[in-house]
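Trainee: Below you will find the structure I want to go over with you.
There are 2 protein chains.
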Amino acid sequence: MKKSEFSFIGDIATMFGSLPHHGFEPIGDDCTVLDMGDDALVMTTDMLVEDVHFLRGASSAAEIAHKSLMVNLSDVAAMGAKPIATLLSLSLPESAQGVWSEEFMRGYYEVSKREGVALVGGDTTASRDRITINVVAIGRVAKENIKRRSDARIGDIVAVTGKLGASSKGLVDIMFGDLDTEAARAHRLAQARIAEGVFLGTRHEVHAMMDLSDGIASDIRHIMELSDVGADIELSAIPTDYDIRYATTGGEDFELLLTLDSECFDAVATALHAATGTTLTAVGRITDSGELRWLQDGTPQELELKGFTHF
Amino acid sequence: MKKSEFSFIGDIATMFGSLPHHGFEPIGDDCTVLDMGDDALVMTTDMLVEDVHFLRGASSAAEIAHKSLMVNLSDVAAMGAKPIATLLSLSLPESAQGVWSEEFMRGYYEVSKREGVALVGGDTTASRDRITINVVAIGRVAKENIKRRSDARIGDIVAVTGKLGASSKGLVDIMFGDLDTEAARAHRLAQARIAEGVFLGTRHEVHAMMDLSDGIASDIRHIMELSDVGADIELSAIPTDYDIRYATTGGEDFELLLTLDSECFDAVATALHAATGTTLTAVGRITDSGELRWLQDGTPQELELKGFTHF
């Protein structure tokens, strides 16, 4: 549904664009933002459906809780906001109303506790035969620290946190029954870059930022479109322990993709590492070409990399 | 799942109670409240599941959109807050991805427009075979105008807006194939008391308030428990065009249930009618008995009325 999802959302944004906004920004590609004076609230929501986004047989209830919370916290932190609270809706078939739901809530609690995030509301209800999970995450940020996909500037360095590709390599491992590889663990318990997002939010040298949920090949295009720029990405620079296909088109890495002032890259990378222990790697440049070009050691490549499809 | 839902939510509230709240009130029986200075945001969420909360064959997509939005706007307004925005998550099986989803969104838009509410975020995703809808509604209110279930005082008059029982009578009509009765229309297109809730929020004579979603027999107990009081309800005073069973235990009327200073009832009722055209009817008293008593023309009745079960 990935393709039609986008046009459906486009239609919705047009349809609802004329309604009063009451201090909220209109629907865009980032979290929604509510002006609160010096601060802003950012909010995002994600729905996970059994047999589409997860299989009850392949992931524990705690792992599913972890994932459902992380995808949302990651979106909030990628705007530079500190996640403060979530709302959780669960619809549970009878087979998930006892032990499964308790394990889910314990897992949800553990992640909430570790990240210092409150659970402030929700709904639980029955379903016929499959679990559906909806999480809303709310973050708070000083307005001047908000990072958006639309703020990349020509000449910026394109950078990523950490290493890419582990989560999708792990998914393939799991599909082949190798449940205990390092990549499989990375897939099941991927950690959003929350402290990193909040830190990078405070750096004015950072211009555009988002989290990598569909792979850089797909996600950089959101920044390009919304910032009206092009990008050159150097394949040999992409930090990964796996095949370049995982590292460029693999989903759910939860690393941050950002663009920043080229003269300040070293200073920001050093400060980020000092603050969080996380590396920042330059992988390309924002250009005025309007196009995405892949380079191998500086030479343009004919390469068609598609984004990751979650379902 | 109504029974286990409550104990499950109780466990969750206890489990998460020790986490930092970041300005949010802990999970209670009302919407969550976020302190914003002079104002507060209130938020609530509700999940609707196909074949549990609605049947695709019995309601149009627009009617389901209407209901999914109204249940949430009603919760917000029942705290005295003006609904300003919603987030909508939809998971859609292939059979609902074309015409059904477009009709749903058109219906959602019509209600949003009429109520002046923005759509500020959401998620759409695939599902295997059933539709799930999650709506989050956000309202804004001056802090001093927030009404809660916990603020009833002994001696207060218990009052309701409008007339009770139409929605559940309508559901029974629909079950028997009478789709075109006035009650059936009331069930399909029940209107939350939004202007009324906001108006009553401004009246300091009103103490506790909530919306009637499970029938007064069930919902008054929430006010009793949270306010640590009892209540006497006079059956002959309950405003209804239908059997008293519908009027006391029928669900989804979306009328307001409130308690207010007994000396001010007439003034508030007159002002509410002038402002909104809606009647306010006194149906009982808050007592120190700790119990719910049903009266018929002043005489206590042995009567066991159960709450409405949605599924």
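Protein sequences appear in the order of chains H and W. So in the numbering used here, spot 292 of the first sequence is number 1763, and the numbers just go up one at a time. So in the numbering used here, spot 162 of the second sequence is number 1633, and the numbers just go up one at a time. Glycine is no exception: its CB is placed at the ideal position from the N, C-alpha and C atoms. In this text the structure is predicted, and so the values were computed from the model without any measurement.
1. Excluding sequence positions up to five away, which residues of its chain have a Cβ less than 6 Å from the Cβ of residue 1520 of chain W?
2. Listing by chain order, which chain H residues have their CB less than 7 Å from the CB of residue 1514 of chain W?
3. Would you grab the beta carbon distance between residue 1716 of chain H and residue 1629 of chain H for me? Rounded to a whole angstrom, and I think it's under 8 Å.
4. Between residue 1582 of chain W and residue 1556 of chain W, which are expected to be in contact by the criterion C-beta below 8 Å, what is the C-beta distance as a whole number of angstroms?
5. Can you check whether the C-beta of residue 1575 of chain W is within less than 7 Å of a C-beta belonging to chain H?
6. Taking Cβ positions, are residue 1731 of chain W and residue 1627 of chain W nearer each other than 7 Å?
7. Hey, how far is the Cα of residue 1661 of chain H from the Cα of residue 1724 of chain H?
8. Since residue 1490 of chain W meets chain H, which of its residues come closer than 9 Å, beta carbon to beta carbon?
9. Near residue 1465 of chain W, what residues of its chain come up, given a Cβ to Cβ distance below 6 Å and the 5 sequence neighbours on each side ignored?
10. Quick check on the burial criterion: 16 or more other C-beta atoms within 10 angstroms. Buried or exposed for residue 1799 of chain H?
11. Taking DSSP's pairing of strands, which residues face residue 1772 of chain H in a bridge?
12. Apart from the five residues just before and just after residue 1496 of chain H, which ones in its own chain have a Cβ nearer than 7 Å to its Cβ?
13. Answer with yes or no whether the minimum CB distance from residue 1606 of chain H to chain W is below 7 Å.
14. Are residue 1543 of chain H and residue 1608 of chain H touching if we call contact CB-CB under 7 Å?
15. Report the residue ranges of all beta strand (DSSP E) runs contained in full by the segment 1473 to 1548 of chain W; include only those spanning at least 3 residues, in chain order.
16. Give, in chain order, every residue of the segment 1505 to 1535 of chain H whose Cβ lies closer than 7 Å to some Cβ of chain W.
17. Kindly indicate if chain W contains any beta-carbon less than 7 Å away from that of residue 1666 of chain H.
18. Considering only the beta carbon of each residue, do residue 1560 of chain H and residue 1596 of chain W sit closer than 7 Å?
19. Give the straight-line distance between the Cα atoms of residue 1711 of chain W and residue 1752 of chain W, rounded to the nearest whole angstrom.
20. Strictly under 7 Å for the Cβ-Cβ distance: is residue 1599 of chain W near chain H by that measure?
21. So, under 8 Å CB-CB, residue 1618 of chain W and residue 1677 of chain W are touching, yes? Tell me the CB distance rounded to an integer number of Å.
22. Going by alpha carbons, who is nearest to residue 1621 of chain W out of W/1722, W/1739, W/1694 and W/1508?
23. Just to make sure I have the definition right: I need the residues of chain W whose C-beta is within less than 8 Å of the C-beta of residue 1646 of chain H. Which are they?
24. For residue 1578 of chain H, report the span of its alpha helix (DSSP H) as first-last.
25. Measure from the C-beta of residue 1621 of chain H to each C-beta in chain W and report whether the shortest distance is under 7 Å.
26. Using the Cβ count rule (16 or more neighbours within 10 Å means buried), how would you classify residue 1714 of chain H?
27. Looking at the unbroken beta strand (DSSP E) that takes in residue 1644 of chain H, where does it start and where does it end?
28. Is it buried or exposed for residue 1738 of chain H, if we count other Cβ within 10 angstroms and need 16 for buried?
29. When burial is assigned at 16 or more other CB atoms within 10 Å of the CB, is residue 1570 of chain H buried or exposed?
30. Got a sec, what are the start and stop residues for the alpha helix (DSSP H) residue 1675 of chain W sits in?
31. What did DSSP end up calling residue 1741 of chain H once you bin it into helix, strand or coil?
32. For the candidate residues H/1562, H/1642 and H/1567, whose alpha-carbon lies nearest to that of residue 1594 of chain H?
33. Drop a sphere of 10 angstroms on the beta-carbon of residue 1775 of chain W, count the other beta-carbons inside from all chains shown, and report buried for 16 or more, exposed for fewer.
34. Residues of the segment 1683 to 1697 of chain W with a CB closer than 7 Å to any CB of chain H: list them in chain order, please.
35. On the criterion of 16 or more Cβ atoms from any shown chain inside 10 Å, does residue 1741 of chain H qualify as buried, or is it exposed?
36. Report the three-state DSSP secondary structure of residue 1682 of chain W (helix, strand or coil).
Mentor: By the coordinates alone:
1. As a first step, residue 1520 of chain W is located in the second sequence; it is residue number 49 there, counting from the start. Exclusion of the five residues before and after residue 1520 of chain W leaves 1603 as the residues of its chain whose Cβ lies within less than 6 Å of its Cβ.
2. For the purposes of this step, residue 1514 of chain W is taken as residue 43 along the second sequence, with counting starting at 1. In chain order: 1558 and 1592.
3. Within the first sequence, the letter at position 245 stands for residue 1716 of chain H. Within the first sequence, the letter at position 158 stands for residue 1629 of chain H. Not confirmed; about 19 Å, so no contact.
4. The residue labelled residue 1582 of chain W in the question sits at position 111 within the second sequence. The residue labelled residue 1556 of chain W in the question sits at position 85 within the second sequence. The distance from the Cβ of residue 1582 of chain W to that of residue 1556 of chain W is about 13 Å, inconsistent with a contact at the 8 Å cut-off.
5. Residue mapping note: residue 1575 of chain W aligns to position 104 of the second sequence, counting from 1. It does not: the Cβ of residue 1575 of chain W has no partner Cβ on chain H nearer than 7 Å.
6. Here residue 1731 of chain W refers to the residue found at position 260 of the second sequence. Here residue 1627 of chain W refers to the residue found at position 156 of the second sequence. Cβ atoms of residue 1731 of chain W and residue 1627 of chain W: closer than 7 Å.
7. Residue mapping note: residue 1661 of chain H aligns to position 190 of the first sequence, counting from 1. Residue mapping note: residue 1724 of chain H aligns to position 253 of the first sequence, counting from 1. Distance between the alpha carbons of residue 1661 of chain H and residue 1724 of chain H is about 7 Å.
8. Here residue 1490 of chain W corresponds to residue number 19 of the second sequence, with the count starting at 1. At a beta-carbon threshold of 9 Å, the residues of chain H lying near residue 1490 of chain W are 1580, 1583, 1584, 1587, 1588, 1589 and 1590, ordered along the chain.
9. Nothing can be reported for residue 1465 of chain W, as the shown portion of chain W is limited to 1472 through 1782.
10. Since the displayed chain H opens at 1472 and closes at 1782, residue 1799 of chain H lies outside it and no answer follows.
11. Indexing the first sequence from 1 puts residue 1772 of chain H at position 301. In the DSSP assignment, residue 1772 of chain H is bridged to H/1765.
12. Here residue 1496 of chain H refers to the residue found at position 25 when the first sequence is read from its first residue. Excluding residues within five positions, the ones whose Cβ falls inside 7 Å are 1503 and 1504.
13. The residue given as residue 1606 of chain H occupies position 135 in the first sequence. By this cut-off, residue 1606 of chain H is not an interface position.
14. Walking along the first sequence from the start, residue 1543 of chain H turns up at place 72. Walking along the first sequence from the start, residue 1608 of chain H turns up at place 137. Contact: yes.
15. Listed in chain order, the beta strand (DSSP E) runs fully inside the segment 1473 to 1548 of chain W are 1503 to 1506 and 1510 to 1520, counting runs of at least 3 residues.
16. Result list: 1507, 1514, 1515, 1516, 1517, 1518, 1520, 1522 and 1523.
17. Taking the first residue of the first sequence as position 1, residue 1666 of chain H is located at position 195. No, because no Cβ of chain W sits closer than 7 Å to the Cβ of residue 1666 of chain H.
18. Counting from one through the first sequence, the residue named residue 1560 of chain H turns up at place 89. Counting from one through the second sequence, the residue named residue 1596 of chain W turns up at place 125. Not closer than 7 Å, so no.
19. Mapped onto the second sequence, residue 1711 of chain W falls at position 240. Mapped onto the second sequence, residue 1752 of chain W falls at position 281. So the alpha carbons of these two residues sit roughly 11 Å apart.
20. Here residue 1599 of chain W corresponds to residue number 128 of the second sequence, with the count starting at 1. At least one chain H Cβ lies under 7 Å of residue 1599 of chain W.
21. Within the second sequence, numbered from 1, the residue matching residue 1618 of chain W stands at position 147. Within the second sequence, numbered from 1, the residue matching residue 1677 of chain W stands at position 206. Right, the Cβ-Cβ distance comes to about 6 Å (below 8 Å), so this counts as a contact.
22. Position 150 of the second sequence holds residue 1621 of chain W. When only C-alpha atoms are compared, the closest one is W/1694.
23. As a position in the first sequence, residue 1646 of chain H is number 175, starting the count at 1. Under a criterion of Cβ atoms nearer than 8 Å, no residue of chain W is adjacent to residue 1646 of chain H; the nearest Cβ is some 19 Å distant.
24. As a first step, residue 1578 of chain H must be located in the first sequence, where it is residue number 107. Start and end: 1570 to 1586.
25. Walking along the first sequence from the start, residue 1621 of chain H turns up at place 150. Contacts with chain W at 7 Å (Cβ-Cβ) do not include residue 1621 of chain H.
26. Here residue 1714 of chain H refers to the residue found at position 243 of the first sequence. With fewer than 16 other Cβ atoms within 10 Å, it is exposed.
27. As a position in the first sequence, residue 1644 of chain H is number 173, starting the count at 1. Counted as a single uninterrupted DSSP element, the stretch harbouring residue 1644 of chain H is not any beta strand (DSSP E) but the alpha helix (DSSP H) occupying residues 1637 to 1646.
28. Counted from its first residue, the first sequence places residue 1738 of chain H at position 267. Here residue 1738 of chain H is exposed. Its C-beta has fewer than 16 other C-beta atoms within 10 Å.
29. Stepping through the first sequence from its first residue, residue 1570 of chain H is reached at position 99. It counts as exposed.
30. Against the second sequence, residue 1675 of chain W aligns to sequence position 204. It is not in any alpha helix (DSSP H) - residue 1675 of chain W carries neither H nor E in the DSSP assignment.
31. Your numbering for residue 1741 of chain H matches position 270 in the first sequence. DSSP places residue 1741 of chain H in helix when its eight states are reduced to three.
32. Here residue 1594 of chain H refers to the residue found at position 123 of the first sequence. Comparing Cα-Cα distances from residue 1594 of chain H to each of H/1562, H/1642 and H/1567, the minimum goes to H/1562.
33. Taking the second sequence and counting its residues from 1, the one referred to as residue 1775 of chain W is at position 304. Exposed.
34. Against chain H - using a Cβ distance shorter than 7 Å - the segment 1683 to 1697 of chain W contributes no residues.
35. The count along the first sequence starts at 1 and reaches residue 1741 of chain H at position 270. The residue in question, residue 1741 of chain H, is exposed, as its Cβ has fewer than 16 Cβ neighbours within 10 Å.
36. Residue 1682 of chain W sits at position 211 when you count from the first residue of the second sequence. The answer is strand: DSSP assigns residue 1682 of chain W an E or B state.
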